[in-house]
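As structure tokens, this is what we get:
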């Protein structure tokens with residue numbers, strides 16, 4: 002049987018074994034709401050697309066506030 006050892010699968014396995022604080026953190030994306038695992042405790046978005054969408058929304062809101 003072949004294991005699908007993606008980065009996300011390895012981080013999830015580490016989180017299940019050790020919990021928070023040992024290089025694996027479980028977060029919820031601020032843009033889409035998806036749960037994801039990361040090695041960075043300050044991560045806020047699950048993908049680059051979510052990060053870009055959030056940035057564009059912030060820029061649009063700032064432009065509307067100026068007008």
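Residue numbers (my numbering): 2 to 68. C-beta atoms are modelled at their ideal positions from N, C-alpha and C, and glycine is treated no differently.
Is residue 56 close to chain B? Criterion is C-beta to C-beta, closer than 8 Å. Here chain B cannot be found, since the structure has a single protein chain.
Rounded to whole angstroms, what is the Cα-Cα separation between residue 49 and residue 35? 13 Å
On the three-state DSSP scale, how would you describe residue 28? strand
Which one of 33, 42, 67 and 41 has the shortest CA to CA distance from residue 52? 33
Between residue 37 and residue 28, is the Cβ-Cβ spacing less than 8 Å? yes
Please classify residue 7: does DSSP put it in a helix, a strand, or coil? In the structure shown, residue 7 sits in coil (DSSP, three-state: anything other than H, G, I, E or B).
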